[in-house]
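Residue numbers (my numbering), protein chains in the order written: chain B, 1 to 226; chain F, 1 to 226.
Heads up, the beta-carbon is just placed ideally off N, CA and C, and yes, glycines get one too.
2 protein chains.
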Amino acid sequence: MDVATERQRPDPGQSAQALAHRYLVDEIRSGRLAGGTHVVADKVAQTLGVSRMPVREAIRQLASEGFMTIRSNRGAVVTSLGRDEIAELYEMRAVLEAFAMRLVAERIDRQGLDEAEIALQRLDRARADVDWFITAHDQFHDVLLDYCPRPRLVEEIRRIRHATEPYLRMTLRVSSTAIRNTTREHAEVIEQIRSRDPDVAEAGMREHILRIDVDELSVRGSGKDD
Amino acid sequence: MDVATERQRPDPGQSAQALAHRYLVDEIRSGRLAGGTHVVADKVAQTLGVSRMPVREAIRQLASEGFMTIRSNRGAVVTSLGRDEIAELYEMRAVLEAFAMRLVAERIDRQGLDEAEIALQRLDRARADVDWFITAHDQFHDVLLDYCPRPRLVEEIRRIRHATEPYLRMTLRVSSTAIRNTTREHAEVIEQIRSRDPDVAEAGMREHILRIDVDELSVRGSGKDD
DNA sequence: TCAAGGATCATTGTATCCAATCTGGCCATG
DNA sequence: CATGGCCAGATTGGATACAATGATCCTTGA
């Protein structure tokens, strides 16, 4: 119980498939792997120093998470979302996260509201840098979701948020419209939750998420298929 | 050309992994593979006459779809949901499918409403047999979802419905409470959609799905882990 | 010049093989 | 009699090997 704590394994406590999964999610979310890119399992395998098999499994998992699309016998491509698909994902997130806020409004305490305010300030200060902004924005929503007692619901909301992240990232790089009213809008969300009225909280978050201008998000979303 | 080789046909148009996936989904949804059952990849592989690899991939995919749970180095078990998890899934489906009905109410035409009425009659006639009932019930909801112009949303709703199917099936076998008011409740759903009022349609479907008695559903849901 | 057809190559899908890990039972020891 | 370590079988995770499919490009004939 003293010596065996750390092994000599190349990936401590991390299976090869988990490594590949995290690596690919990271690449896709960050935009380094653009939508439509053909992902060759062997290349990824060599990059990570593992064999093709765990990469294949990771790709399959990514496919059922919506990040990639598998075409039979013709490999996997990074899912490239068109305008309508982005809109649909935002709509789904709006519905789910709004419902989550209904539950949050009933549970959140003083400390939670304070955390949200702090996250809001961080978000305000992060408006200049895209990466920083996205991180802060995720944190803001996550702070509230921490008070939602529905783990699967929260997981699904995060999954959708991550799936749309590359498009948000692209947009923020060329247009700051979306950032302009951010602070006020998120402050409204806090206020609506503070009201403790479930209907207000749900309606508020739904509107907040749907307020996104999808046409801006989808500027480069489609038409770039391999 | 027959007995010597058991694997004669390459399953035209069907990859081994897709075969394994469909097989396992079928086993799980039907309840033949009970929650908590330890699924050994090699056994499944031999049953299907393929190797262990495509089965592994199918299992991995099933895991990210929620049907199975993978424990590192200790294999995969059929996901066994407890009362709270079942309730959460029903809640999520309620929220999503209710929103879908909002869109359906705005789009459905005379023909769609007629189809729903027919499905309702089928549902009524199917109340005696569990399998028949579940099929008819799925069909009823699917008829309405056909008029929802959001493919991913519909897919997610179906996924959740399938994930909870074994528990519904178990319940229906021992208790007919859930079946008793089915016809009236589903008739109400149709009426609410017929009103063409999105708010009414959404609120109606939410209530319809949440009206399920989760405690009945979870009778044998947990505690059976191997 | 250009289109059709086939050879070649890259990549995927599947099978088999090996190492690492877990499980359970057996035996020694206190 | 209880406890703990150790060995054996079973099972998983991963790597390599092989077959099959699709893509590419080059030849060849009009």
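Asked: Neighbourhood of I212 of chain F by C-beta distance below 8 Å, restricted to the same chain and skipping five residues each side; Found: Y90, A178
Asked: Nonlocal neighbours in the same chain, by C-beta distance under 6 Å from A299 of chain B, ignoring five residues either side; Found: There is simply no residue 299 of chain B to check, as chain B begins at 1 and stops at 226 in what is shown.
Asked: Cα-Cα separation between V25 of chain B and R180 of chain F, rounded to whole angstroms; Found: 47 Å
Asked: Proximal residues, the stretch 92 to 109 of chain F versus chain B, C-beta separation under 8 Å; Found: M92, V95, L96, F99
Asked: Beta bridge counterpart(s) of T69 of chain B as assigned by DSSP; Found: B:V77
Asked: Chain F contact for L153 of chain B (CB, 7 Å cutoff); Found: yes
Asked: Euclidean distance between Cα positions of G36 of chain B and Y167 of chain B; Found: 13 Å
Asked: Candidates B:M170, B:S80, B:E97, B:R22, of which the one nearest V143 of chain B by Cα; Found: B:E97
Asked: From B:L217, B:S218, B:H186, residue whose alpha carbon lies closest to that of Q121 of chain B; Found: B:H186
Asked: Length-filtered (4 minimum) alpha helix (DSSP H) runs lying within the stretch 80 to 159 of chain F; Found: 83 to 107, 110 to 125, 130 to 145
Asked: Residues within the stretch 58 to 82 of chain B neighbouring chain F, beta-carbon criterion of under 7 Å; Found: R60, Q61, S64, E65, S72
Asked: Rounded straight-line distance, which links the Cα of R93 of chain F to that of P151 of chain B; Found: 15 Å
Asked: Inter-residue Cα distance where the pair is E156 of chain F and A87 of chain F; Found: 16 Å
Asked: Buried versus exposed call for S30 of chain B [16 or more other C-beta atoms within 10 Å across all chains shown]; Found: exposed
Asked: Buried/exposed call for R22 of chain B, threshold 16 Cβ in 10 Å; Found: exposed
Asked: C-beta contact flag for I28 of chain B and V78 of chain B at 7 Å; Found: yes
Asked: Interface residues of chain F facing L89 of chain B [CB-CB closer than 8 Å]; Found: R152
Asked: Nonlocal neighbours in the same chain, by C-beta distance under 6 Å from L103 of chain F, ignoring five residues either side; Found: C148
Asked: Element boundaries [alpha helix (DSSP H), containing Q17 of chain F]; Found: 16 to 30
Asked: Outcome for V130 of chain B when other beta-carbon atoms lying within 10 angstroms are tallied against a minimum of 16; Found: buried
Asked: Same chain, Cβ closer than 7 Å to H162 of chain F, neighbours up to 5 away in sequence not counted; Found: R29
Asked: Simplified DSSP assignment, three categories, for V50 of chain B; Found: coil
Asked: Three or more C-beta pairs below 8 Å linking the stretch 55 to 72 of chain B and the stretch 104 to 111 of chain B; Found: no
Asked: Classification of A128 of chain B by the beta-carbon crowding that lies within 10 angstroms, buried from 16 upward; Found: exposed
Asked: Q111 of chain B classed as buried or exposed, judged by whether at least 16 other C-beta atoms fall within 10 angstroms; Found: exposed
Asked: Chain F contact residues for S15 of chain B, given Cβ-Cβ distances below 9 Å; Found: S72, N73
Asked: Residues that DSSP places opposite V39 of chain F in a beta bridge; Found: F:A76
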